[in-house]
Amino acid sequence: MSSLTITGVTKSFGAGASATRAVDDVTLHVPHGSFTTVLGPSGCGKTTLLRLIAGFLVPESGNIAFGDTTVAGEGVRPVAPQARRVGYVPQEGALFPHLDVAANIAFGLPRDARGGQEGRDRVAQMLDLVELPADFHDRRPDELSGGQQQRVALARSLAPQPAVVLLDEPFSSLDASLRGTTSRAVRRALEATNTTALLVTHDQNEALSLADQVAVMRAGRLVQSATPSEVYLSPTDPQVAEFVGRAVVLPGTATDARATCSLGEVVLIEPATGPVALMIRPEQVFVDLAHDEGVRGTVEEVSYYGHDCAVQVRLDDGTSVLARMAGVRHPVPGDTVHLRVTGLVRAYHPTGTP
Amino acid sequence: MPLAYVAFYVVVIGPVDLWHLLARPRIAELLRNTVTLAIACMAATAVLGVSLGVLVERTDLPGRRLWHGLLVAPLAVPAFVNGYAWVSLDRSVHGFTGAFTVVTLSYYPLVYLPVVAMLRRLDPALEESAWSLGHSRARTFRTVVLPQLRPALLGGALLVGLHLLAEFGALSLLRFPTFTTAIYDQYGSTFNGAAATAMAVVLVLLCLVLLLAELRLRGNRRYARLGRGAARSAVPAALGPWRWPLLGVVGAVVVLALGVPAYSLVRWLVIGTSTEFPVAELAEALVATIALALAGAVVTTLAAIPVVWLAVRHRGWASTVIERSTYIANALPGIVVGLALVVASLRLVPGIYQTAALLVAAYVILFLPRAVVTVRAGLEQAPTMLDDVAHSLGTGPLATARRVTLPLIAPSLGAGAALVFLAISTELTATLMLSPIGTHTLATEFWSASSELRYGAAAPYALLLVLVSIPATVLLMRSDGPATRTERVPA
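Below is the structure:
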């Protein structure tokens with residue numbers, strides 16, 4: 268087990284003028300035993316980054332180090348994938364279809380450990396770790412559900428005690444309910460073994476709920492890496508804000524710690540002056556059904572989810588605003604409501620930097 | 033190498049003499065015969081293969097599993113044995129009609145098998161979507177299923193065409209002259225190498241036309257199944273009142289393709305054994321055939337691995353050329369391959385002339401395409417993702433090949449070897465040319481008897497030829513057999 272440090276890593280595909288930088292000068296540190304998710308839309312280069320770390324690709328420039336050991340970088344001969352001790356869990360699990368569960372899990376163990384009691388113990392230990400019954404050891408991969416396959420794939424990658432575990436959208440092929448239980452089981456298994464892990468995903472909920480650190484990628488570049496709550500509440504720019512969750516972005520005018528906009532006066536996280544873009548999360552917009560305090564508007568649309576509901580409100584000045592409220596009591600389209608902003612708001616200068 | 037020999041001869045003879053050799057009415061007749069027979073048989077086998085495949089796979093025809101077995105079984109009867117069976121029953125079976133009937137009945141499984149395999153792999157959801165969009169079952173078949181069957185259909189028809197261009201025994205027995213039989217006659221009667229090679233040039237060109245046509249028709253379309261999850265098996269279409277007539281049609285095909293040779297063989301066996309039954313000679317020929325076929329199958333399959341590896345994992349023009357060029361050898365009659373090897377071995381390494389090694393080399397050249405097709409399908413089922421995973425688990429490239437790739441392609445290696453075994457055990461012409469003196473195989477013994485009209489003496493050899501082919505055919509059938517309808521429920 269070790270930390271993972273990526274410094275200035277770049278990788279392009281294609282040649283000459285048509286070359287595209289899939290990974291562009293990415294720097295990221297994943298502390299020992301922690302869990303980082305790389306979040307980005309499809310085609311942003313996150314899978315390429317993972318394959319660079321795994322050693323299936325060699326970076327053009329930059330360094331990749333596991334702990335103190337550089338595995339790829341200037342003046343260093345790239346270490347072959349099989350010598351890097353990475354655990355790799357691809358999409359769909361990719362279990363070896365010709366082997367049963369036990370043989371899959373034991374695949375990466377040394378030859379003499381595979382057949383013997385030691386191997387059997389390790390397999391049992393791993394099945395227990397990923398919360399699968401011990402009698403699964405003689406099942407074939409096609410007898411397992413998608414979530415079970417993913418758990419076995421994780422067990423297989425953890426069995427040889429890798430330095431780092433890399434997970435490539437491991438839950439994207441699972442349906443919603445399985446995704447939740449499987450991802451939490453994976454998280455617990457990684458925590459129990461104190462394994463350094465990097466997971467790439469395009470799913471915001473997954474990225475935010477699993478990780479210690481979220482790294483947001485866009486067009487090959489790493490635009491923000493921070494704790495989940497920081498990425499959610501204080502994203503580096505409005506695009507990141509809209510990518511990690513629903514956001515209401517309104518033009519406003521800032522004077523020091525406060526700013527005014529269509530929703531009235533708001534309090535800023537960091538002081539600013541002049542014209543700004545204000546990023547407000549829908550759950551920060553309080554919908555008052557009883558009093559006429561705040562900015563008046565008409566409910567246009569209500570999406571009811573049970574635990575909460577999203578309310579689209581057209582303000583009297585014509586601005587459309589999304590608010591999220593508990594689903595206990597909610598308005599219906601046509602109702603007149605009053606809106607207020609609670610909590611601190613992030614302001615961006617028109618260039619995108621605060 | 034046989035190609036190089038043909039090319040070498042063209043240069044030696046020169047284009048003018050080549051033209052003189054070819055611009056003869058006899059050649060025009062041969063060309064007409066070859067082309068019409070090839071087109072007619074490819075069309076007939078395509079229609080027969082697809083209709084039978086759909087009937088067995090997608091309808092409620094009674095006894096589908098049994099019919100599937102019976103419909104594949106003609107693969108175990110070599111075309112020349114089939115020809116012998118028809119001719120020896122009724123001397124009036126000859127010429128175009130005879131050749132067309134016998135060849136179609138012998139070769140339709142080459143289309144039927146890949147079509148059935150493809151039908152089984154098709155996601156029924158596609159058809160269901162088309163129905164729900166208001167298409168009738170017939171229209172759905174035409175617009176959704178048929179286009180997807182195209183690779184299987186074209187591949188099968190191409191194989192039929194190539195077999196036909198190289199077919200010698202059946203056509204010779206049925207007295208329908210094509211280029212291949214004419215080349216054999218030239219070699220046999222006059223050892224006129226130039227005239228024969230000139231005809232081989234035309235044959236190679238015909239083969240190239242077939243290959244290009246197939247490439248052009250297939251295009252670059254993809255027929256992958258999108259989406260995940262296990263494909264369900266399709267709901268069989270109810271045939272209603274057509275059930276029994278169609279059953280009759282399938283039955284008729286089986287009777288003609290299987291019943292006629294079986295009846296004929298039994299009849300001649302009964303007549304033949306009353307006169308002679310040389311057990312020792314039979315046993316000797318059997319052992320020689322099995323030994324040669326095993327050696328050839330193993331070497332050919334091993335040779336197919338690198339070709340397939342290049343074609344699948346390192347796509348590029350070079351690998352495509354290597355892969356495609358192996359097909360051309362398939363259309364060279366055995367005798368051209370045989371003579372090319374005789375000439376080459378006598379000039380370059382006289383020591384190996386008339387050895388088993390040279391014969392096995394001829395088999396490799398002749399049957400590599402079959403092994404390549406089968407092994408290729410297997411390797412395409414082994415995603416490179418699995419290699420990546422194995423590497424990340426600390427396994428080097430060699431160990432990955434041994435522990436992941438080989439086990440995954442083992443079934444297709446087995447199927448490829450079985451196909452080659454089947455082909456070698458019934459190969460006639462190259463074996464006649466190249467077998468070491470004193471080595472008699474079932475096919476050569478059968479040939480010498482039946483071509484001298486000793487039908488009774490030929491029967492035991494024909495029977496053994498069929499018996500030798502049965503295990504390989506069963507293996508093929510099992511790998512493509514109707515899917516067992518067991519649903520596995522994840523716990």
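Order-wise, the sequence lines are chains A and B.
Each residue of the first sequence is one higher than the one before, starting from 268 at the first, in our numbering.
Each residue of the second sequence is one higher than the one before, starting from 33 at the first, in our numbering.
Yeah, the Cβ is synthetic: ideal placement off N, Cα and C, and Gly gets one too.
In this text, all values refer to a predicted model and were calculated from it rather than measured experimentally.
Burial state of residue i, where buried means 16 or more other Cβ atoms lie within 10 Å
i        : result
B/Asp92  : exposed
B/Gln218 : buried
A/Thr304 : buried
B/Asn252 : Low local confidence applies: a pLDDT of 48 at B/Asn252 is under 50, so the model's placement there is unreliable, and no value is given.
A/Leu271 : buried
A/Pro617 : exposed
A/Gly594 : exposed
B/Ile456 : buried
A/Asn461 : exposed
B/Trp99  : buried
A/Arg548 : buried
A/Asp523 : exposed
B/Val381 : exposed
B/Phe453 : buried
A/Gly541 : exposed
A/Val604 : buried
B/Val392 : buried
B/Ser482 : buried
Proximity winner among the options, relative to residue i (alpha-carbon distances)
i        : options                                   : result
B/Thr332 : B/Leu451, B/Phe478 and B/Gly115           : B/Leu451
B/Val302 : B/Leu107, B/Ser83 and B/Ala490            : B/Ala490
B/Thr229 : B/Ile59, B/Ala403 and B/Leu460            : B/Ile59
A/Gly310 : A/Leu465, A/Pro518 and A/His469           : A/His469
B/Leu314 : B/Arg96, B/Val134 and B/Pro492            : B/Pro492
B/Ala70  : B/Arg153, B/Leu235 and B/Ala170           : B/Leu235
A/Pro364 : A/Thr520, A/Gly275, A/Ala557 and A/Arg407 : A/Arg407
B/Gly428 : A/Arg446, A/Ala369 and A/Arg352           : A/Arg352
A/Val290 : A/Arg488, A/Ala514 and A/Arg344           : A/Arg488
A/Ile234 : A/Pro400, A/Leu611 and A/Tyr572           : Not covered by the structure: residue 234 of chain A. The range shown for chain A is 268 to 621.
A/Gly269 : A/Val276, A/Val338 and A/Arg288           : This sequence places Ser at residue 269 of chain A; Gly is not what is there. With distances taken between Cα atoms, A/Ser269 lies closest to A/Val338.
Helix, strand or coil at residue i [DSSP, three-state]
i        : result
A/Gly329 : strand
B/Cys73  : helix
B/Cys239 : helix
A/Ser476 : helix
A/Ser529 : coil
B/His195 : helix
B/Thr68  : helix
A/His605 : strand
A/Tyr572 : coil
B/Phe208 : coil
B/Gly115 : helix
A/Gly610 : coil
A/Arg485 : strand
B/Ala447 : helix
A/Val397 : coil
B/Pro183 : helix
B/Gln413 : coil
Chain-ordered neighbours of residue i on chain E, where CB pairs are closer than 7 Å
i        : result
A/Gly354 : Among the protein chains in the structure shown, which are A and B, there is no chain E.
Integer-rounded CB distance, given that residue j should sit under 8 Å from residue i
i        : j        : result
B/Ile322 : B/Val86  : Their Cβ separation, rounded to whole angstroms, is 37 Å, which puts B/Ile322 and B/Val86 out of contact at 8 Å.
A/Lys313 : A/Met592 : With a Cβ gap of about 34 Å, A/Lys313 and A/Met592 do not count as contacting.
B/Leu205 : B/Gly115 : 4 Å
B/Gly366 : B/Leu398 : 6 Å
B/Phe128 : B/Cys73  : Going by Cβ atoms, the distance from B/Phe128 to B/Cys73 rounds to 11 Å, so no, they are not a contact pair.
B/Asp419 : B/Val436 : 7 Å
A/Val453 : A/Leu421 : 6 Å
B/Asn65  : B/Pro268 : The pair is not a contact, with the Cβ atoms about 42 Å apart (cut-off 8 Å).
A/Leu545 : A/Cys528 : 5 Å
B/Val368 : B/Ala232 : 5 Å
A/Ala539 : A/Ala614 : 5 Å
B/Ala198 : B/Thr212 : 6 Å
Chain B contacts from the stretch 300-326 of chain A (Cβ-Cβ distance under 7 Å): Cβ proximity to chain B below 7 Å picks out Ala321 and Phe323 from the stretch 300-326 of chain A.
Interfacial residues, the stretch 418-449 of chain B to chain A, with Cβ spacing under 9 Å: Per Cβ criterion, the list reads Leu418, Asp420, Val421, Ala422, His423, Ser424, Leu425, Gly426, Thr427, Gly428, Pro429, Ala431, Thr432, Arg435, Val436, Pro439, Leu440 and Ala442.
Under 7 Å (Cβ pairs) to chain B, residues found in the stretch 426-450 of chain A: Pro427 and Ser440
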